[in-house]
Amino acid sequence: MATRQSAHSGQDENVIRPGRRLAASVLIIGALMDMIDVTIVNVALPTIRRSLHASSTQLEWVVSAYMLAFAASLIVAGNLGDRFGRKRMFLLGVGLFGAASMCAGLSATGAELIAARAVQGAAAAVMAPQVLATFRVIFTTTKERGKAFAAYGAMLGFASAIGLVLGGVLTEADVFGWSWRTVFFVNVPVAAFSLIAGVRLIPETRDTTARRPNLARGAVLAASLVAVVYPLLEGRELGWPAWTWGLLAAGVVGVTGLAVAEERHPRSQYAPLLRARLLRVPAFAAGIGVQLVFSAGLQGFFLMAALWLQIGEHFSPMRAGLTSVAFSVGSFIGAPVAVPLAQRYGRRSLVTGALLMAGGIAAVGAFADRVGIDGSPWAVVPGLVVAGVGLAVLIIPLVNVVLAAAPAEAAGGTSGVFSTAQQLGGAIGVAVLGTVFFDSVAGGHSFAGALRHTAPYAVGAFVLCGLLSLLLPRTAVSEDVINADVPRTAPDHAFMRLYNSIRGQAVIARGPESRAN
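Dropping the structure here:
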């Protein structure tokens, strides 16, 4: 069902339209901070480790805190924007992101940096849902939206690759003696510009039919997600006491209980969080499973790869970033052919993408020792390119399958659940693969040896993605409409497909973010 949306000020679309391109530019610039920040921080992690004398667990938290806060906040933040104004929430997110970036750059300890990263993640979750939702209002024709979303997707795709290089350049340049701190300080002027320009140029929009977010249930979701990830991150250093397993179980019970409560005791005045009934749809459940496992393998492996290149092989931050760009190149190669392949070969194409990722990562692990011979990264570049191609072939069609399995009236919320699963999977992957990696280092292995020992776990995750893909619809691009009594509207469905395809193409170390209704 299409939702009716209007400008907050009561202006009609003819008043909004004249400045829509400038407004879109400001929204995209704000969104770029989030995408760049993911890859730029990964490259700086080894330098952060030396500067702050951070423990291995704290390094994992620097990455996971961001993703966990993002996952816990995204759906509620989307609801707040729909109800109270997307411009208002976007500007709030931008301001908070800039302030948190300043605090991150000023951090004197690992704990302070982790806290700032958590705030950054929550702020990014406040920003992200508002961008595409605002685009949908200010661009009123399919052609206009297509051009706007294409520009958005291209910018985000390049941002991921740029972040890898920029992180190395800024860290290595040591501007003003700030070293790694520059990767956070660079967000501050961008946030300031976005705030000033956003106040003047972005129109206020909202969904006149939006229901209130259920903040109490949102808090339960956030606490449950933390309860799942915290023991996985801290368990290794604490020796896995019994309470860590109890806390993990409590987190799983909390998420499950919330889903059951939402299904059995829905509250019509509140927007739903998890839409548990959709998990009964095989295509949706399998797609969410693929996204969660995929993100776990991707985030976990590339965190370890960054540490291996810089600490184990003594690569400079810039050289490590340039090496990782090979993965981005692969994803750009695969992006244009991903949907045509899925249209022709169905779910077999997605299985192939998962196996390409598994093979590429296996090759990186197998040839890791070759990098140490002459200090050249070329031994692992082919594996990274293959893995990047596999990412595009798997993830871009996947979002179409998941959205095709959901009724149009739940499209926004469905994509919110999809993105939440992606962020949670990434946090879990960092925790699990990080435990294996650092245990190997503590056991006397070199960093290359630890990478070889960790790589099979990432490979296993991608093979599992391939197996789960076999549960998807045979065509992989369409599915019988579920809940036949719920009509679909072509514009809504096309919008969500295009939206998620764009975000899928932009993925390097992040999955699609989406508006949550």
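Numbered per the working numbering, the sequence shown spans residues 977 to 1493.
No residue lacks a Cβ here, since even glycine has one placed at the ideal position from N, Cα and C.
Within its own chain, the residues whose Cβ lies closer than 7 Å to the Cβ of Gly-1230, once the five positions on either side in sequence are excluded, are Val-1196, Ala-1199, Ser-1200, Ala-1203, listed in chain order. Setting aside the 5 residues that flank it on each side, Arg-1428 is surrounded in the same chain by Gly-1341, Ala-1344, each with a C-beta closer than 7 Å to its C-beta; the list follows chain order. With contacts defined by Cβ atoms closer than 8 Å, Val-1257 and Gly-1401 do not form a contacting pair. Within the same chain, Gly-1006, Ala-1007, Asp-1010, Phe-1066, Gly-1069, Val-1070, Phe-1073 come within 7 Å of Met-1103 by CB-CB distance, once the 5 residues on both sides are set aside. Annotated as proximal: Val-1347 and Ala-1355, with beta-carbon spacing under 8 Å. In this structure, Val-1038 and Leu-1021 form a Cβ contact; the two beta carbons are roughly 7 Å apart against a cut-off of 8 Å. Between the segment 1052-1060 and the segment 1302-1320, the count of C-beta pairs closer than 8 Å stays below three; the two stretches do not touch. Less than 8 Å divides the Cβ of Ala-1080 from the Cβ of Gln-1096. Put simply, the backbone Cα of Arg-1176 is about 49 Å away from that of Gly-1211.
Around the beta carbon of Ile-1172, fewer than 16 other beta carbons lie within 10 angstroms, which makes this residue exposed. The shortest CA-to-CA distance from Leu-1326 to any of Trp-1284, Leu-1360, Thr-1451, Phe-1260 is the one to Thr-1451.
Cα atoms of Phe-1161 and Pro-1353: separation of roughly 30 Å, rounded to the nearest angstrom.
Of the candidates Pro-1373, Ala-1437, Leu-1409, Ala-1000, Ala-1000 places its Cα closest to the Cα of Glu-1120. Looking at the DSSP output, Thr-1085 shares a beta bridge with no other residue. Contact annotation, Ile-1264 with Phe-1438: C-beta distance approximately 16 Å; criterion of less than 8 Å not satisfied.
With the rule of 3 Cβ pairs closer than 8 Å, the segment 1291-1302 counts as touching the segment 1139-1155. When the five nearest sequence neighbours on each side are left out, the beta carbons in the same chain lying within less than 6 Å of the beta carbon of Ala-1048 are those of Ala-1198, Leu-1201, in order along the chain. Residue range 1181-1183 is occupied by the beta strand (DSSP E) that includes Asp-1183.
Within the model, the alpha-carbon separation for Gly-1329 versus Leu-1374 is close to 11 Å. If you check the CB distance, Phe-1413 and Ala-1426 come in under 8 Å. Straight through space, the alpha carbons of Phe-1260 and Arg-1193 are spaced by roughly 23 Å. Per DSSP, Asn-1163 is one residue of the alpha helix (DSSP H) stretching across 1163-1177. Of the candidates Gly-1364, Phe-1308, Gln-1034, the residue whose Cα lies closest to the Cα of Ala-1339 is Gly-1364. Counting along the chain, Asp-1013 sits inside the alpha helix (DSSP H) bounded by residues 996-1028. For Leu-1082, the number of other beta carbons within 10 angstroms of its own is below 16, and it is reported as exposed. A residue is called buried when at least 16 other Cβ atoms come within 10 angstroms of its Cβ; Gly-1288 meets this threshold and is buried.
Beta-bridge partners of Tyr-1246 (DSSP): Arg-1188.
With respect to the 8 Å criterion, Ile-1012 and Ile-1090 are not classified as neighbours on the basis of their beta carbons. If you look at Ser-1032, you'll find it in the alpha helix (DSSP H) that goes 1032-1060.
The closest CA to that of Ile-1371, considering only Gly-1419, Ile-1337, Val-1315, is found on Val-1315.
Only residues of its own chain outside the window of five on either side were considered, and among them Gly-1402, Gly-1405, Val-1406 have a CB closer than 6 Å to the CB of Gln-1275, listed in chain order.
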